[in-house]
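A.B. asks: Just dropping this structure here.
There are 2 protein chains.
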Amino acid sequence: MTTDFAATKAMFDLPKGVIYLDGNSLGPLPKGVAERLGRAVTDEWGQMLITGWNKAGWMEMPARVGDRIARLIGVAPGTVVMGDTLSIKVYQALASALELNPSRRVILSDTGNFPSDLYMADGLVRTLGQGYTLRTVAPEDVLDAIDETVAVTMITEVDYRTGRRHDMKAITARAHQMGALAVWDLAHSAGALDCALADCDVDFAVGCTYKYLNSGPGGPAFIYVAPRHAETVRPALSGWLGHESPFAFDLDYRPGRGIERMRVGTPPILQLVALDAALDVWADVTLADLRARSLHLTDAFIAGVEAACPELTLVTPRDHVMRGSQASFRHPEGYAIMQALIARGVIGDFRAPDILRFGLTPLYIDEGDVQAAVAILKDVMDHRLWDRPEYRTRAKVT
Amino acid sequence: MTTDFAATKAMFDLPKGVIYLDGNSLGPLPKGVAERLGRAVTDEWGQMLITGWNKAGWMEMPARVGDRIARLIGVAPGTVVMGDTLSIKVYQALASALELNPSRRVILSDTGNFPSDLYMADGLVRTLGQGYTLRTVAPEDVLDAIDETVAVTMITEVDYRTGRRHDMKAITARAHQMGALAVWDLAHSAGALDCALADCDVDFAVGCTYKYLNSGPGGPAFIYVAPRHAETVRPALSGWLGHESPFAFDLDYRPGRGIERMRVGTPPILQLVALDAALDVWADVTLADLRARSLHLTDAFIAGVEAACPELTLVTPRDHVMRGSQASFRHPEGYAIMQALIARGVIGDFRAPDILRFGLTPLYIDEGDVQAAVAILKDVMDHRLWDRPEYRTRAKVT
């Protein structure tokens, strides 16, 4: 292993006394982000004003930062662009994929997908009308459900609750074999796994950056379009910055070159600056090392919890190839248990109805954190520390 | 006049030697934004981590900040929500308006509209198919073109090039009289005019915040839905944060309460924090004073330029009721003239083919700035200072 994870851990400003196992929901603050963002505000916006779009390179940021993401998902530079939210990018990818496969009407997804993906697909098929439909099956039935009626598969690689990982290569191959296109959501993959999208021959992919890529709350999303489609798709969300010549202010839309056409409106520069600075942590990280370390930490956490807390039931697959970078356990009192953990500095999260979710993120979590978290969880379970009124009162959870 | 515009001017950090007449493209940095954003990064994201969504009030920001915008566009609290870009909000408003008027198929707009609005409408009608179409007429023909085939009008109140202002009340009334709905784009209105949307009975409105509201590059957009429609519309962009209960993670979409349903994905918190801080400048500003001061400054600028530079031809209407908060002039050498001005600290911008555009923004521009800008422009014109190779080489303009 060539990656120095002690060095990456030192690049984060984590609060004292906190073991942060929720980087799969919101990544922590990397050192250097505050200072870089401060400079962008004061020296770029403040001093350059409108000229920052050229002088500070703001206009090119969606593509330039996209290239940095490209390496982390296993695709070539020039195939990824930043902007909007993941939900918007799902809509964009689906609309384009459907248009590339005009004789078919079915979007296939699974019930383990993140609900927003299903909601956006629902909104799209309602807007399209004309017999378009969203078909959902159980996660384990996806492969068999890809038939000759399916226009596009829309699958999130790693289940946000269970951490189960789909077989991207097999599903994409099956989709292509049946004449369908494959759209992948990498929300819990980018920065978490050894993503190899080009190798899997994926058609479209989308993802967010505020989880394993640590861009901060509401960081911009990304979209990947396979080069074979990039000059063919006509975006449904045809905004001016995806135009061939935005500053010609033509009345008619003409899609821009390749991936540039997937841009929509004015990009969120402040969030992009935070992301750009946060990506510096990845400079010396290899994806193979990241994946090995993630599996090692997750194995250790699962083994520790199962030995210490037999009341908790693992829901994440033990099989490495079927697992993302998190471990989830069921318990009827999951909500209260998580509150008790958070009160003791172990931050994971809870997903209804009964799932305790822990993200194992190699950039800043090490074996010592894993052992400490297990010990605190054991203490909470052994002494029923969760059984207090203040832990059972449900606030809105994120 | 009760508003103290010397006080608001003191709330901005403008670079020395710059007269900034491009706040209609990107507003300058208000004092306090850098510090507030720095705290959000370090104390909220850095220390609260995932709990910031509740503890720091991030989750409610789109509605809370929307309420602050509401006052500036003349509508009630609870009718505006922040998020995405203006282009996305245009799509959202149009899709909703069309669905409320299902027997009709025409979006009516004008050729003076900002191109992205036309492009987004084009993308929407292509996605809808089924005979939906975008019809554009000349700006002066809008009122007469609203007939019984029109489902929805999509008009930008102030023309981004000429500064011509449409009659919002008359067009909206005509639309309603003919059975159409009215969508208004406030890109050059919010923070620039005495907007009174509720008084005009507008159905939907959208706008950006990085111009006259000074939220910084890529600041979030807003959308207003009239209360009479808010519980009826079913969003086409049905993201999870517009769901009735986002954290129930239901598989089926159910629209949230009222304006909340126009939320889509995870909101851009860092950009929202910058906007929230920037809105503090407005605390003691009345819209009537803002409008009076804007007209006064624009009159002074127009009179000064016409007296000093007869070669420049005014394209902005002289009539106050037909004018936004900018003054535009034509000259065949407009591009080079603007470059020469910028080199001398007067920052306006250029819009092809021949328009020099100057934003008159009362919050930080005063009579002294206007006189100084006119004097510099006179110098540039009198001595043909624009006629140098370095001013004629066209870079990408924003």
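As you go down the protein sequences, you meet chains A and B in turn. Sequential numbering of the first sequence, starting at 1, is according to UniProt numbering. Sequential numbering of the second sequence, starting at 1, is according to UniProt numbering. Note that the Cβ used here is the ideal one computed from N, Cα and C, for glycine as well.
Which residues in the same chain as Asp-122 of chain A place their Cβ atom closer than 7 Å to its Cβ, once the five residues preceding and following it in sequence are excluded?
C.D. replies: Cβ within range, chain order: Leu-134.
A.B. asks: According to the neighbour-count rule (16 or more other Cβ atoms, all chains shown, within 10 Å of its Cβ), is Gly-265 of chain B buried or exposed?
C.D. replies: Gly-265 of chain B comes out buried.
A.B. asks: Pull up the distance between the alpha-carbon of Asp-141 of chain B and that of Leu-98 of chain B, whole angstroms please.
C.D. replies: Cα-Cα distance, rounded: 22 Å.
A.B. asks: Going by DSSP in three states, Trp-386 of chain B sits in which element: helix, strand or coil?
C.D. replies: DSSP places Trp-386 of chain B in coil when its eight states are reduced to three.
A.B. asks: Can you list the alpha helix (DSSP H) stretches of 4 or more residues lying completely in the segment 174-206 of chain A, in chain order?
C.D. replies: DSSP runs (the alpha helix (DSSP H)) wholly in the segment 174-206 of chain A: none.
A.B. asks: When every heavy atom of the ligand ZN is checked, does at least one fall within less than 8 Å of the C-beta of Gly-324 of chain B?
C.D. replies: The ligand ZN is not among the ligands present in this structure, which contains no ligands whatsoever.
A.B. asks: Can you name the residues that DSSP bridges to Val-305 of chain B?
C.D. replies: Its beta-bridge partners do not exist; DSSP assigns none.
A.B. asks: Under the three-state reduction of DSSP, which class applies to Pro-353 of chain A: helix, strand or coil?
C.D. replies: It is coil, neither helix nor strand.
A.B. asks: Below 8 Å on the Cβ atoms is my guess for Leu-290 of chain B versus Asp-194 of chain B; work out the distance and round it to an integer in Å.
C.D. replies: So it is a contact: roughly 7 Å between Cβ atoms.
A.B. asks: Taking all protein chains shown into account, decide if Thr-286 of chain A is buried (16 or more other Cβ within 10 angstroms of its Cβ) or exposed.
C.D. replies: Exposed: under 16 other Cβ atoms inside 10 Å.
A.B. asks: Consider the Cβ of Met-154 of chain A: report whether some Cβ of chain B lies at a distance smaller than 9 Å.
C.D. replies: Met-154 of chain A does not count as touching chain B.
A.B. asks: Just how far apart, CA to CA, sit Thr-313 of chain A and Ile-19 of chain A?
C.D. replies: For Thr-313 of chain A and Ile-19 of chain A, the distance between alpha carbons rounds to 22 Å.
A.B. asks: At a Cβ cut of 8 Å, what residues of the segment 118-138 of chain B count as close to chain A, listed as they run along the chain?
C.D. replies: Listed by position along the chain: Leu-118, Tyr-119, Met-120, Asp-122, Gly-123, Leu-124, Arg-126, Thr-127, Leu-128, Gly-129, Gln-130 and Thr-136.
A.B. asks: Please name the residue, chosen from B:Gly-258, B:Ile-259 and B:Gly-242, that lies closest to Asp-252 of chain B on a Cα-to-Cα basis.
C.D. replies: Among B:Gly-258, B:Ile-259 and B:Gly-242, the Cα nearest to that of Asp-252 of chain B belongs to B:Gly-242.
A.B. asks: Could you tell me whether any Cβ in chain B is nearer than 9 Å to the Cβ of Val-33 of chain A?
C.D. replies: Yes, Val-33 of chain A counts as interfacial toward chain B.
A.B. asks: Using a Cβ cut-off of 9 Å (strictly closer), state whether Ser-328 of chain A contacts chain B.
C.D. replies: It does not: the Cβ of Ser-328 of chain A has no partner Cβ on chain B nearer than 9 Å.
A.B. asks: For the pair the segment 248-263 of chain A and the segment 223-240 of chain A, tell me if three or more CB-CB distances fall below 8 Å.
C.D. replies: As far as the Cβ criterion goes, the segment 248-263 of chain A touches the segment 223-240 of chain A, which means the pair count is three or higher.
A.B. asks: Touch check for the segment 358-366 of chain B and the segment 5-24 of chain B: three-plus C-beta pairs under 8 Å?
C.D. replies: Yes, they touch.
A.B. asks: Give a yes or no on whether the C-beta atoms belonging to Met-322 of chain A and Arg-71 of chain A are separated by under 9 Å.
C.D. replies: No, these two residues do not count as a Cβ contact at 9 Å.
A.B. asks: Between which residues of its own chain and Pro-332 of chain A is the CB-CB distance below 8 Å, once the five residues before and five after are set aside?
C.D. replies: Same-chain partners within the cutoff: Asp-354.
A.B. asks: How many angstroms separate the CA atom of Pro-139 of chain A from the CA atom of Ile-171 of chain A?
C.D. replies: If you take the alpha carbons of Pro-139 of chain A and Ile-171 of chain A, they lie about 11 Å apart.
A.B. asks: Using the Cβ count rule (16 or more neighbours within 10 Å means buried), how would you classify Val-120 of chain B?
C.D. replies: In the sequence on display, residue 120 of chain B carries Met and not Val. The residue is buried, with at least 16 neighbouring Cβ atoms inside 10 Å.
A.B. asks: Is there a Cβ from chain A that is less than 9 Å from the Cβ of His-243 of chain B?
C.D. replies: It does; some Cβ of chain A falls within 9 Å.
A.B. asks: Going by other Cβ atoms of all chains shown within 10 Å of its Cβ, with 16 needed for buried, is Arg-392 of chain B buried or exposed?
C.D. replies: Its Cβ having fewer than 16 others within 10 Å, Arg-392 of chain B is exposed.
A.B. asks: Check the Cβ-Cβ distances between Val-142 of chain B and every residue of chain A, and say whether any is below 9 Å.
C.D. replies: Answer no: the Cβ-Cβ gap between Val-142 of chain B and chain A never drops below 9 Å.
A.B. asks: Could you have a look at Pro-30 of chain A and say whether DSSP puts it in helix, strand or coil?
C.D. replies: Note: Pro-30 of chain A maps to strand in three-state DSSP.
A.B. asks: From the DSSP output, in three-state form, read off Pro-62 of chain B for me.
C.D. replies: Note: Pro-62 of chain B maps to helix in three-state DSSP.
A.B. asks: Between which residues of its own chain and His-383 of chain B is the CB-CB distance below 7 Å, once the five residues before and five after are set aside?
C.D. replies: Cβ within range, chain order: n/a, list empty.
A.B. asks: Would Val-397 of chain B pass as an interface residue toward chain A - the criterion being a Cβ-Cβ separation below 9 Å?
C.D. replies: Reliability of the predicted coordinates at Val-397 of chain B is poor, the pLDDT of 46 falling under 50, and the value obtained from them is presented with this limitation in mind. Chain A, which has a Cβ nearer than 9 Å to the Cβ of Val-397 of chain B, makes this yes.
A.B. asks: Please state the DSSP three-state secondary structure of residue 453 of chain B.
C.D. replies: Absent from the model: residue 453 of chain B. The displayed extent of chain B is 1 to 398, so no value can be given.
A.B. asks: Determine which residues share a DSSP beta bridge with Ile-50 of chain B and list them.
C.D. replies: DSSP lists no partner for Ile-50 of chain B.
A.B. asks: Contact criterion: CB-CB distance below 9 Å. Does residue 407 of chain A meet it with respect to chain B?
C.D. replies: Here chain A has residues from 1 to 398 only, and residue 407 of chain A is not among them.
A.B. asks: Just checking: is the beta-carbon of Ala-236 of chain A within a distance shorter than 9 Å of some beta-carbon in chain B?
C.D. replies: True, the Cβ-Cβ gap to chain B drops below 9 Å.
A.B. asks: For the segment 270-289 of chain B, which residues have a beta carbon sitting closer than 8 Å to at least one beta carbon of chain A?
C.D. replies: Residues passing the 8 Å Cβ filter: Leu-270, Gln-271, Leu-272 and Ala-274.
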